[in-house]
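Peer 1:
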Amino acid sequence: MTSVLQGIGVSKGIAIGPAYVYYRELPEVLEYAISKYAADDEVKRFEDARVEAQRQLNNIKNTLSNDTPHDITLFIDTHLLMLDDPVLYEDTVSHIHARLCNAEWALQVQVERIVKIFDDMDDPYLKTRKDDIIHVTERIQRCLMNEPEVNHSEDKLDTGKFGSHLKDRIIVADDLTPADTLLMQHQKIAGFITEYGGPLSHTAILARNLGIPAIVGVHNAKHLIQANDQIVLDGNTGKIHIAPAKKDVTHFKSLIRDENKRRKLLFDLKNKPAKTEDGLKINLHGNIDRPADVRVLRQFDHTGVGLYRTEMLFIEHNGMPGEDEQFETYRRALRSLKGHPLTIRTTDLGADKELADTTQHGPLVHNPALGLRAIRRCLKDPSIFLPQVKAILRTAGYGPACMMIPMISCISELEQTLELIEQAKSELKSRRIRFDQNIKIGAMIEVPSAALVADTLAKKLDFLSIGTNDLIQYTLAFDRIDDEVSYLYNPLHPAVLKLIQMTLNAGETQGIRVSMCGEMASDTLYTRLLLGMGLQCFSVQANSLLDIKHIINNSEIAKLRPLTEEIMKLTDPTEINLAVDELNRCFS
Ligand code: PEP
Ligand code: MG
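For the sequence shown, the working numbering gives the first residue as 1006, with consecutive numbering after it.
1) Rounded to whole angstroms, what's the CA-CA distance from E1427 to D1386? Just pull it up for me.
2) Compare the Cα-Cα distances from F1612 to each of A1511, K1358, G1402, P1499 and report the closest residue.
3) Run through the region 1299-1383 for me and flag every whole alpha helix (DSSP H) of 4 or more residues, listed as ranges in chain order.
4) Tell me, please, which residues DSSP counts as bridged to P1453.
5) Just to confirm the assignment, what range does the alpha helix (DSSP H) spanning Y1201 have?
6) Applying the 10 Å Cβ sphere with the 16-neighbour rule, what's the burial state of G1284?
7) Considering just the uninterrupted stretch of the beta strand (DSSP E) at Y1025, what are its terminal residues?
8) Would you mind working out which of C1383, P1183, L1312, D1089 sits nearest L1425, comparing C-alpha positions?
9) Mind checking which residues open and close the alpha helix (DSSP H) that includes R1533?
10) So I1175 and Y1027 are in contact, right, with Cβ under 8 Å, and what is the actual spacing, rounded?
11) Give a yes or no on whether the C-beta atoms belonging to V1141 and A1058 are separated by under 9 Å.
12) Report buried or exposed for E1321, applying the criterion of at least 16 other Cβ atoms within 10 angstroms of its Cβ.
13) Cβ of N1474 versus every heavy atom of the ligand MG: is any distance shorter than 8 Å?
14) May I ask whether a heavy atom of the ligand PEP can be found less than 8 Å away from the beta carbon of S1522?
15) Relative to the C-alpha of P1091, which candidate in I1230, T1461, Q1115 has its C-alpha closest?
16) Which parts of the region 1440-1502 are runs of the beta strand (DSSP E), unbroken and 3 residues or longer, counting only runs that do not cross its ends?
17) Could you round the C-beta distance between A1044 and I1101 to whole angstroms and report it? I think they count as a contact, below 8 Å.
18) Mind the definition here: the region 1566-1582 touches the region 1534-1544 only if three or more C-beta pairs lie below 8 Å; say whether that holds.
19) Which word fits I1013, buried or exposed, when buried means at least 16 other C-beta atoms lie within 10 angstroms of its C-beta?
20) Can you tell me whether DSSP reads R1104 as helix, strand or coil?
21) So for L1509, helix, strand or coil by DSSP?
22) Three-state secondary structure (DSSP) at A1406?
23) Tell me whether F1592 is buried or exposed, calling it buried when 16 or more other Cβ atoms sit within 10 Å of its Cβ.
24) When you compare each of T1199, L1502, S1491 to P1183 by their alpha carbons, which one comes out closest?
25) Mind checking whether P1392 and D1173 have CB atoms under 9 Å apart?
26) Does at least one heavy atom of the ligand PEP sit under 8 Å from the Cβ of N1214?
27) With 16 other CB atoms within 10 Å as the buried threshold, where does K1574 fall?
28) What number of angstroms, rounded off, separates the C-alpha of A948 from the C-alpha of K1465?
29) Taking the alpha carbon of G1472 as the point to measure from, which residue in N1589, P1373, G1311, H1371 has its own alpha carbon closest?
30) Can you check whether the CB of P1405 is closer than 9 Å to the CB of G1309?
31) Does the contact criterion of 3 or more C-beta pairs under 8 Å hold for the region 1547-1563 versus the region 1213-1220?
32) Please confirm whether any heavy atom of the ligand MG lies closer than 8 Å to the CB of D1353.
33) Answer yes if the region 1437-1452 comes into contact with the region 1406-1413, meaning at least three C-beta pairs across the two stretches below 8 Å, and no otherwise.
34) Can you find the residues in the same chain that come closer than 7 Å, C-beta to C-beta, to S1016, ignoring five residues on each side of it along the sequence?
35) Determine the DSSP secondary structure at A1038, reduced to helix, strand or coil.
36) Give the range of the beta strand (DSSP E) segment to which R1518 is assigned.
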C-alpha cells in the first residue's frame, strides 16, 4: 500500500527509484567464545575477510579516473598497506588463538590497542592516521559480518562496485555531510532524503547546485522506508511516496518529462546577456565549490563566479592545504573561466562546514554558528589565513580574481583583515613572486551588524556581497541546519528586506558594487523584488542561472521600482508575500 511522508523539499526535481538506506554505524561487535578446535577456522574467516577488503580497495583503485586527485589515490594505497601490516594481522590472529574468541572481537581488541597508541602520540599528523586504521578495520569488520560495503572517504569518486550500488538509487540517511553529497553525486544517485537538516545547510545548497532532488527533516525516515522500497521523491513539494501506485508513477514521470521540456527551452538563453526589457544589463554569475564546478557552470552559461566557497578544498584535503596547493587550485578555476571573473571567498570553516579530522576542529561549542567560524577563525589563527590570502593574491596576478571575506561583523575585524592582507603582500613582494598588488577586496554582508554599518565598511572595500543564508539565520535567530525551526526562514521578513536595502544603499552611496550570493538570489520568486530594490549583480547556483536570466529578461525596471517601493512600506510579512506574488504576476 502506498504511504506518503512529508519533509522539507530543499532541492527541486522528482526522482523515482529504489531506496538505499545508508547506515553509518557498524552493528555492535559482540564477543563469543569458540572451542580450541574452531580457532583455525576462525583465523581462516578473518583471513578471507581481509582478502575481501583488499579486493574491494583494489577494485576502487582500478576504477578511479585519471584525473582523480593524488591524495585520494594515496589514501587507498595507505589503506592497502595497513591491511598487510603485521600489527593488525598477526596480533589479531594471536588474539583468536590466545583468547579463543571470534575474529570480530579479536580484531576490535587489537584496534583499540592501536588506537590508544595513536592517541598517546603528540604528532598531530600521526594522530590523523588513527582515522585510517579505523576505516580499514571497519571495512574488514563489514566483510566479517557480511555487511554491505559502505561509503567511506577512500571510496571517493568510486564508480566501480560501490558506485553501481548507488546509481539511480534514492539515499535515505540520518544526515549527510557536504563531502558525502559530493561523493554520492559522483556515484550518480537519483536523490536523497535525510532525517535532519534544514534548507540552508551546506548539504542542501550543494544538492541544489548539483541538481540532485532532495528532501530533509523526515524524522524516522530510516525506519519508515525499507531498503529497496520503490519511492517517488518530490523535491518540489517535500513529499515522499512509498510504493506508489502505477498511475502515480505515470503521473510523476509525465511531470519529469514536462520539466525536461521546460529546461530545454530555457537553453535558448545560454550565453545571451541578462538584460531587462528596458535595457538594464545585470551581472549574472554562478556559485562554485570546486574548480571542477566551472564545467557545470559552463553547461548553462559562459559567465563568471560571484562566490567560490573554498571550504571544500579544506574539507577534501581534511586539513590545511599549503599556499602552493591553494594557488594551483584557484588558478585552475581561473583558467577554466577563460577570462571571466572569479570571486574567491576566504575560508568559512566552522558550523556546518567543518573538517572531518577532529584534530583540526575548532573548539567544540554549543553554538558553532555563533562561534569561531569564518574570518573569526582566520584572525585567531593567521597561519590558516595568510597562506590562503597569498594564494589568492598570486592567482589574481594571472587574471580577474578578487578576494571576498566572509562573516565580517564590525569595522575592527575588517581592519585587522586588511592589515593581514597587506602583510601577505609584503611577504610576496620580498619573495619576488608575481601577484596583484591592487586586487579587489570585498566583504560578505551576512551578519545583521554588518548590514547596519555597511556604509562604514563600504568605504574600505571594493565590493559587498549579501549572504542571505546567514543574514536571514542571524536576523531571525534560527539555526539554518535545524529542520525544527526551518519554518522561520523567510527572505520576505521586513527586517531582512530592510537590511538588504541598507546594504544596497551603502554600496550606491560609496559607488561600489553590491552583489547577492545567498540562496535568495537563486530563487525566481524574489528576482523581481530584488531588481526593484536596486540589485544589479546576482551570483546563483549553476542550476538556476537560466531560470533567473529568464525572469530578468522578462522584467522592466521602470515598472518594478514604484511597485517595490510600495512593498518596502509594508510591515506585515503575509501582506509582503501577497504583494510579491502580485508583483511577479504583473509580468507573466
Ligand atoms: C550566505 O550565508 O548566504 C552564503 C552565501 O554563505 P554560506 O551559505 O556559504 O554560509
Ligand atoms: Mg554565509
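Glycine included, every Cβ here is placed at the ideal spot set by N, Cα and C.
Peer 2: In short:
1) Here residue 1427 corresponds to residue number 422 of the sequence shown, with the count starting at 1. Here residue 1386 corresponds to residue number 381 of the sequence shown, with the count starting at 1. Straight-line Cα distance between these residues: approximately 16 Å.
2) Nothing can be reported for residue 1612, as the shown portion of the chain is limited to 1006 through 1593.
3) 1316-1322, 1328-1341
4) Taking the sequence shown and counting its residues from 1, the one referred to as residue 1453 is at position 448. BP columns for P1453 are empty, so no partner.
5) The residue given as residue 1201 occupies position 196 in the sequence shown. From DSSP, Y1201 is part of no alpha helix (DSSP H); its letter is neither H nor E.
6) To locate residue 1284, count along the sequence shown from 1; it is residue 279. Classification of G1284: exposed, given that the 10 Å Cβ count is below 16.
7) Working through the sequence shown from its first residue, we reach residue 1025 at position 20. Looking at the DSSP string, the run of the beta strand (DSSP E) that includes Y1025 is 1019-1026.
8) For this step, residue 1425 is matched to residue 420 along the sequence shown. Comparing Cα positions, the closest option is C1383.
9) Within the sequence shown, residue 1533 is the residue found at index 528, counting from 1. 1529-1538 is the span of the alpha helix (DSSP H), which, as asked, contains R1533.
10) As a working mapping, residue 1175 is identified with position 170 in the sequence shown. As a working mapping, residue 1027 is identified with position 22 in the sequence shown. The pair is not a contact, with the Cβ atoms about 10 Å apart (cut-off 8 Å).
11) Position 136 of the sequence shown holds residue 1141. Position 53 of the sequence shown holds residue 1058. Yes, Cβ-Cβ distance for V1141 and A1058 is below 9 Å.
12) Taking the first residue of the sequence shown as 1, we reach residue 1321 at position 316. By the 10 Å Cβ count, E1321 comes out buried.
13) Position 469 of the sequence shown, counting from 1, holds the residue named residue 1474. Yes; taking the cut-off as 8 Å, the Cβ of N1474 has a heavy atom of the ligand MG nearer than that.
14) The sequence position of residue 1522 within the sequence shown is 517, counting from 1. First, the amino acid is wrong: residue 1522 is Cys here, not Ser. Yes, the beta carbon of C1522 sits closer than 8 Å to at least one heavy atom of the ligand PEP.
15) In the sequence shown, residue 1091 corresponds to position 86, counting from 1. Per the Cα distances, Q1115.
16) 1446-1450, 1468-1471
17) Taking the first residue of the sequence shown as 1, we reach residue 1044 at position 39. Taking the first residue of the sequence shown as 1, we reach residue 1101 at position 96. 6 Å between Cβ atoms; contact.
18) yes
19) Locating residue 1013 in the sequence shown gives position 8, where the first residue counts as 1. Buried, because 16 or more other Cβ atoms sit within 10 Å of the Cβ of I1013.
20) What you label residue 1104 is simply residue 99 of the sequence shown in a count that begins at 1. Three-state result, R1104: helix.
21) As a working note, residue 1509 is residue 504 in the sequence shown. Three-state DSSP puts L1509 in a helix.
22) For the purposes of this step, residue 1406 is taken as the residue at position 401 of the sequence shown. Strand at A1406.
23) Locating residue 1592 in the sequence shown gives position 587, counting from the first residue. Exposed.
24) Taking the sequence shown and counting its residues from 1, the one referred to as residue 1183 is at position 178. When only C-alpha atoms are compared, the closest one is T1199.
25) Taking the first residue of the sequence shown as position 1, residue 1392 is located at position 387. Taking the first residue of the sequence shown as position 1, residue 1173 is located at position 168. Not closer than 9 Å, so no.
26) Position 209 of the sequence shown, counted from the start, is the residue given in the question as residue 1214. Checking every heavy atom of the ligand PEP against the Cβ of N1214, none is found closer than 8 Å.
27) Residue mapping note: residue 1574 aligns to position 569 of the sequence shown, counting from 1. Label assigned to K1574: exposed.
28) The chain is shown from 1006 up to 1593; residue 948 falls before or after that span and cannot be answered.
29) Mapped onto the sequence shown, residue 1472 falls at position 467. Nearest C-alpha to G1472: G1311.
30) Looking up residue 1309 in the sequence shown gives position 304. Looking up residue 1405 in the sequence shown gives position 400. It is a contact, given that the beta carbons lie within the stated cut-off.
31) yes
32) Position 348 of the sequence shown, counted from the first residue, corresponds to residue 1353. Flag set: Cβ of D1353 near the ligand MG.
33) yes
34) For the purposes of this step, residue 1016 is taken as residue 11 along the sequence shown, with counting starting at 1. The answer, listed in chain order, is A1209, A1212, R1213, I1217, P1218, A1219, G1240.
35) On the sequence shown, residue 1038 is found 33 positions in, with the first residue counted as 1. Of the three classes helix, strand and coil, the one that applies to A1038 here is strand, per DSSP.
36) Residue numbering aside, residue 1518 sits at position 513 when the sequence shown is read from its first letter. Start and end: 1518-1521.
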